[in-house]
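Beneath this line is the structure, given in structure tokens, with notes to follow.
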Amino acid sequence: MFVIALAKGRMMEQSLDLLASADIRFSENVATSRKLIFDAQDGEHRVVVVKPADVPTYVEYGAADAGIAGLDVILESRADLVQPLTLDFGRCKLAVAAPRGVALSASENPTVRVATKYPHIAMEYFNARGIPVEIIYLSGSIELAPLLGLADRIVDLVESGRTLRDNGLEIVEVIVESSARLVVNRASYQTKRGEVLKFIDALNKAKSCASSI
Amino acid sequence: MKAFTQIPPGTQILIGRAARRRRALEQAICSVFEGWSYEEIVPPIFDYYDVFIKGMGTGLEEQVYRFIDRDGNILALRPEFTSLVAKTVVTRFSKATRPIRLYYSGEVLRFEKPRGGRQREFAQIGIENFGSNGKSSDIEILLIAVEAFQRLGIADFQINLGSVDFFGGIVDRIDLPEGQMAKLKQVLNLKDQSGLESLLQELPLEERRKEILRAIPGLTGGREVLRQARSLIRNQRSVQALDHLEEILEVFENVGLARHLTIDLGEIQGFDYYTGILFRAYVPQLGFEVANGGRYDGLPATFGEDLPAVGFSFSLDRLEQIATPKLEVDDPAGEAIDGEAFDKALQLRSEHKAVRLCL
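Just so you know, the sequences run in chain order A and B. FYI, the numbering for the first sequence is 1 to 213, going by the working numbering. FYI, the numbering for the second sequence is 214 to 572, going by the working numbering.
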């Protein structure tokens, strides 16, 4: 059985569409069911549904052979994974943002306070630029932090940029352009090589068909 | 008080059956090593920091537990064995007959995020062979690894064998700025087909070279991989690497072990350290490699003598996570005897029988 971890939420529908176009289909609606494990009709694949940030963990440990996760989540996890394919959905930017207008002026504060769901990425970004930083970990509504004076800046995902605008924030710098990736466990890549390559190939084909439409 | 009730992160405690199983695993593997005439070496748990840093190179510094002695020397708890063993061989065995065969078993310490069943203190058991650089020493090491798996009753294991010189021969001929070379290695390490393709479009390389780089992630499998690789490359270093791998594969075919060997030219991790063959061993039940090794001819020279060297180690903590059907773990089932029957206890013990006093 080849186990694939999919992320609940914004990338679920497109991940399932991609699997379907690679002929991996399910008799139930994976996106709406409350179950967490689904066997595909082909009898060869199994999907497990986990929180987006957990996909790299399941795959790194081999609890799932492969998974579909955003690059943002993969980088934050620091998991050692094979990443054979970039997929064409889940596009967004991981960016540093600040209240409009103050973005370019040097802060009075010697240490920049940054609110984020991505503490590792944010720390690395500011360290690499020699900017003293205090990371404030939040698990949601990051845009709120600068408005209430909790943080000077935020590091967060930006899809359309509307949430930022509506909260008086603007992008200072894009850290990374993220999109969905196929990730594979390093040992599975070797011990289930035939299945892995078949799966990569099928997704690759499905992906190029979709983009040519 | 915290120190009395908690344990520091990354440590582990083996008790009872788990400890007996660890010991049984160690003994089984040691007996395989001894069966191939390897002598045990018990190196110190700490040495000068420079021993490990010079030996293992960059990337490891941050993971080393170090401290300063009263004379101001920087010492470190061993983060691996190979450097220690290599140093000992150079300093103590300079006149010994070659090859020098040594095995070790013990804990190493690294300040890293515990993962894959490895804590900050974890157990390694392995061998080092110094002073012989022929293909026979490479094959000897591989056969020992195979026998260790078999001894434990692990029927389904896979050794992925590659060579630093195959990829080395290719990049020798590619002149790229450091940043792009690092990027190239990164996408190859991730086996990132999409990333490789977009990087290749930026790189000022001949189409033929791009063709080679594009093929690398897929160069894993049996004999056909060697054929495919030969059709792509002409440089001498890579060709010799392929010849060498083919010779090893032939031996494995002749002794009926080829099903355990996968030629893997697509793996480029661990390249700063190894100088010839390198390999990793996997079992289907575990998401992490259980053993790795290879040739590191450059290391002994760091300590003053240019000696060829090849070796590998098992991660005991990871082996413990998989089924080892042939490993016998004795349960101490002592005969229950009266708590005051000391004569009887001594009598039974003199016959090497287990006893359990009912206290």
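Using N, Cα and C, we set each Cβ at its ideal position, and we do this for glycine too.
Quiz prompt | Proximity winner among P110/A, A187/A and L148/A, relative to G168/A (alpha-carbon distances) | solution = L148/A
Exercise. Say whether the stretch 519-534 of chain B touches the stretch 324-338 of chain B, bearing in mind that this needs 3 or more beta-carbon pairs closer than 8 Å, one atom from each stretch.
Key: yes
Quiz prompt | Coarse secondary structure for L227/B, derived from DSSP in three states | solution = coil
Quiz item: Which one of T116/A, T57/A and S15/A has the shortest CA to CA distance from A95/A?
Solution: T116/A
Exercise. Mind listing, in chain order, the continuous beta strand (DSSP E) runs of no fewer than 3 residues lying wholly within the stretch 256-282 of chain B?
Key: 259-261 and 279-281
Quiz item: Taking DSSP as the reference, what is the three-state secondary structure of I74/A?
Solution: helix
Self-check item: CA-to-CA distance, L36/A to F380/B, given in whole angstroms
Solution: 42 Å
Exercise. Give a yes or no on contact between the stretch 307-324 of chain B and the stretch 284-298 of chain B, applying the rule of three or more CB pairs nearer than 8 Å.
Key: yes
Practice problem: In the DSSP assignment, find the unbroken beta strand (DSSP E) run with V376/B in it and report its ends. | Solution: Per the sequence shown, residue 376/B should be read as Ser rather than Val. Where S376/B is concerned, the enclosing beta strand (DSSP E) stretches over Q371 to S376.
Quiz item: Shorter than 8 Å from the beta carbon of I213/A to some beta carbon of chain B?
Solution: Summary for I213/A: the model assigns pLDDT 47, below 50, so the residue's position carries little reliability; its value from the coordinates is reported in the next sentence. Chain B, which has no Cβ nearer than 8 Å to the Cβ of I213/A, makes this no.
Self-check item: Between the CA atoms of S178/A and G161/A - distance to the nearest angstrom
Solution: 14 Å
Quiz item: Name the chain A residues whose beta carbon is nearer than 7 Å to that of S407/B?
Solution: L85 and T86
Practice problem: Closer than 6 Å by C-beta to D118/A: which residues in its own chain qualify, once you throw out the five before and the five after it? Chain order, please. | Solution: According to the sequence provided, residue 118/A is Tyr. The question's Asp does not apply to it. Only E76 and V155 meet the Cβ criterion.
Quiz item: Who are the near neighbours of Y278/B in its chain, counting only those whose CB is closer than 7 Å to its CB and skipping five residues on each side?
Solution: A289, L290, L322 and F324
Quiz item: According to DSSP, which residues form a beta bridge with F492/B?
Solution: L374/B and G506/B
Quiz prompt | CB contact check: G140/A to chain B, cutoff 8 Å | solution = no
Self-check item: Reduced DSSP secondary structure (H/G/I, E/B, other) of E293/B
Solution: coil
Exercise. State the Cα-Cα distance for the pair V47/A and E341/B, rounded to the nearest angstrom.
Key: 43 Å
Exercise. Run down chain B in chain order and give the residues with a C-beta less than 7 Å from the C-beta of V82/A.
Key: L403 and K404
Exercise. Using 10 angstroms around the beta-carbon of S411/B, count the other beta-carbons present and answer buried if the total reaches 16, otherwise exposed.
Key: exposed
Practice problem: Could you pull out every residue in the same chain whose Cβ sits closer than 7 Å to the Cβ of T301/B, ignoring the five residues on either side in sequence? | Solution: I254 and P256
Quiz item: How big is the Cα-Cα spacing for L413/B and K398/B?
Solution: 12 Å
Quiz prompt | Straight-line gap, M214/B to Q560/B (C-alpha atoms, nearest Å) | solution = 46 Å
Quiz item: Between L81/A and R447/B, what straight-line distance do the alpha-carbon atoms span, to the nearest angstrom?
Solution: 31 Å
Self-check item: Sequence-distant residues of its chain with Cβ nearer than 8 Å to K207/A (five each side left out)
Solution: L18, L85, L87 and D88
Practice problem: Would you tell me roughly how many angstroms separate the C-alpha atoms of G194/A and A558/B, rounded to the nearest one? | Solution: 60 Å
Quiz item: CB of V155/A to nearest heavy atom of the ligand ZN: below 7 Å?
Solution: Among the components of this structure there are no ligands whatsoever, and the ligand ZN is therefore not found.
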